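**Student:** Residue numbers (the UniProt record's numbering): 1 to 328.
Note that beta-carbon positions come from the ideal geometry of N, C-alpha and C, so glycine has one too.
A quick note: this is a predicted structure, and the numbers were derived from the prediction, not measured.
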């Protein structure tokens, strides 16, 4: 469960590419035929020369770096982008001329689709709109929302990893009511407050390191990246857990009995099963933990290790953006 990829179509006639839908960034970029041959890794490439609707805007350039030190850069074109069959006309397509070697471990992934707020976008000198902004602006969706309901590979034999919806909420993907929390968009992220957490459903609420304690809900990050005080408390509750300085992270016995954790978002706690803490197998019967340090980054990042256990609504209402969470 290191990444979830989603089909999109680009161009006329449409060509299918697999992209990582990333709520933690706002650049929509693809590996294309503009990428030097020596930097290609076997991914499907977008070929603007094969599209009747492709236009180039070479005066616009972009350069993005991610938290894991990977990055990409290039210039910008426009084309028709299809999400679930819905056309987004004249969408900015950032065509990579450079991609860092360590960017993709999977040859299936051909780029990213940014679902953050447009202030995060790196295109210069002329700003561009995100796909979600264009869906709203072009009247393709009536409600300014998208949702995500990921599926854990351990509970899904079909290989289908869940789905995104745009403009509506699929009521079959959650139980009970949706709880909402206001979003702070000042940094361009889907950021909410997470002031308390619990170890075990009946555990006492434990305060975080800051009174409001910001957390970014980020589909483009695999793990949960937390402050060190919270991490120490959680791993102290797991028999045999320890920090391994050789790999720079917490590890646990793969067969450890790990308690569930619960995180306050809005006025409700949302759970992460302890059974999902063993993220990746290491030597000697140990596993790399799904919760790790955020380092000197000032905000928690609640990545897919959290998101896959909820149904999440990203409401881009311009006057009152919010995030919704519901049990699966």
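(1) Given that a residue counts as buried once 16 or more other Cβ atoms are within 10 Å of its Cβ, and exposed if not, what is residue 96?
(2) Please specify which runs of the alpha helix (DSSP H), each continuous and at least 4 residues long, are wholly inside the stretch 1–31, giving them in chain order.
(3) Could you check what DSSP says for residue 102 in three-state terms: helix, strand or coil?
(4) Applying the criterion that 16 or more other CB atoms from any shown protein chain within 10 Å of the CB defines a buried residue, is residue 132 buried or exposed?
(5) Can you check DSSP and say which residues form a bridge with residue 172?
(6) What residues are listed by DSSP as bridge partners for residue 64?
(7) Under three-state DSSP, which class holds residue 188?
(8) From the DSSP output, read off the bridge partner residues of residue 165.
(9) Using 8 Å as the threshold, is the stretch 139–149 in touch with the stretch 63–72, meaning 3 or more CB pairs across them?
(10) What does the Cβ neighbour count give for residue 16, buried or exposed, with the cut at 16 atoms within 10 Å?
(11) I think residue 110 touches residue 43, with their Cβ atoms under 8 Å apart; what is that distance to the nearest whole Å?
(12) Identify, in the order they occur along the chain, each residue of the same chain with its Cβ nearer than 6 Å to the Cβ of residue 156, setting aside the five sequence neighbours on each side.
(13) Taking buried to mean at least 16 other C-beta atoms within 10 Å of its own C-beta, is residue 301 buried or exposed?
(14) What separation, rounded to the nearest whole angstrom, lies between the Cα atoms of residue 98 and residue 176?
(15) Could you pull out every residue in the same chain whose Cβ sits closer than 8 Å to the Cβ of residue 123, ignoring the five residues on either side in sequence?
(16) Considering just the uninterrupted stretch of the alpha helix (DSSP H) at residue 251, what are its terminal residues?
(17) Looking only at C-alpha atoms, which of 259, 253, 297, 268 sits nearest to residue 280?
(18) Can you tell me which of the three DSSP states residue 233 falls into?
(19) With a cut-off of 8 Å, do at least 3 Cβ pairs link the stretch 265–282 to the stretch 112–120?
(20) Am I right that residue 70 and residue 21 are in contact with their C-beta atoms under 8 Å? What's the rounded C-beta distance?
(21) Under the rule that 16 or more other beta-carbon atoms within 10 Å means buried, what is residue 257, buried or exposed?
(22) Going by DSSP in three states, residue 108 sits in which element: helix, strand or coil?
(23) With C-beta atoms as the reference, is residue 273 less than 8 Å away from residue 309?
**Tutor:** According to the data block:
(1) Position 96 of the chain shown, counted from the start, is the residue given in the question as residue 96. When all chains shown are included, residue 96 counts as buried.
(2) Listed in chain order, there is nothing to give.
(3) The sequence position of residue 102 within the chain shown is 102, counting from 1. Residue 102: coil per DSSP, three-state reduction.
(4) Translated into the one-based positions of the chain shown, residue 132 becomes position 132. Buried, since its Cβ has 16 or more Cβ neighbours within 10 Å.
(5) Within the chain shown, numbered from 1, the residue matching residue 172 stands at position 172. Listed as beta-bridge partners of residue 172 by DSSP are no residues whatsoever.
(6) If you number the chain shown from 1, residue 64 lands on position 64. Looking at the DSSP output, residue 64 shares a beta bridge with 72.
(7) Stepping through the chain shown from its first residue, residue 188 is reached at position 188. Coil at residue 188, not helix or strand.
(8) For the purposes of this step, residue 165 is taken as the residue at position 165 of the chain shown. Answer is 147.
(9) Counting Cβ pairs under 8 Å, fewer than three are found: no touch.
(10) The residue you call residue 16 lines up with position 16 of the chain shown. It counts as exposed.
(11) Residue numbering aside, residue 110 sits at position 110 when the chain shown is read from its first letter. Residue numbering aside, residue 43 sits at position 43 when the chain shown is read from its first letter. With a Cβ gap of about 5 Å, residue 110 and residue 43 count as contacting.
(12) For the purposes of this step, residue 156 is identified with residue 156 of the chain shown, where counting begins at 1. Since pLDDT at residue 156 reaches only 48, below the 50 mark, its modelled position is unreliable, and the value read off the structure follows with that caveat. If we look at residue 156 and ignore the five residues flanking it on each side, it has no Cβ neighbours.
(13) Locating residue 301 in the chain shown gives position 301, counting from the first residue. Per the 10 Å Cβ criterion, buried.
(14) Within the chain shown, the letter at position 98 stands for residue 98. Within the chain shown, the letter at position 176 stands for residue 176. Those two C-alpha atoms are separated by around 46 Å.
(15) Sequence index remark: in the chain shown, residue 123 carries index 123 (1-based). The answer, listed in chain order, is 27, 60, 61, 62, 76, 92, 94.
(16) Here residue 251 refers to the residue found at position 251 of the chain shown. Residue 251 -> not in any alpha helix (DSSP H); beta strand (DSSP E) instead, spanning 249–253.
(17) Within the chain shown, residue 280 is the residue found at index 280, counting from 1. Closest in alpha carbon position to residue 280, among 259, 253, 297, 268, is 253.
(18) The count along the chain shown starts at 1 and reaches residue 233 at position 233. Helix at residue 233.
(19) No: fewer than three Cβ pairs fall under 8 Å.
(20) Position 70 of the chain shown, counting from 1, holds the residue named residue 70. Position 21 of the chain shown, counting from 1, holds the residue named residue 21. Incorrect: roughly 17 Å between the Cβ atoms, too far for contact.
(21) Here residue 257 is taken as the residue at index 257 of the chain shown, counted from 1. By the Cβ-count criterion, residue 257 is exposed, with fewer than 16 other Cβ atoms from all chains shown falling within 10 Å of its own Cβ.
(22) Walking along the chain shown from the start, residue 108 turns up at place 108. DSSP places residue 108 in coil when its eight states are reduced to three.
(23) Along the chain shown, one-based indexing puts residue 273 at 273. Along the chain shown, one-based indexing puts residue 309 at 309. With contacts defined as CB atoms closer than 8 Å, residue 273 and residue 309 qualify as a contacting pair.
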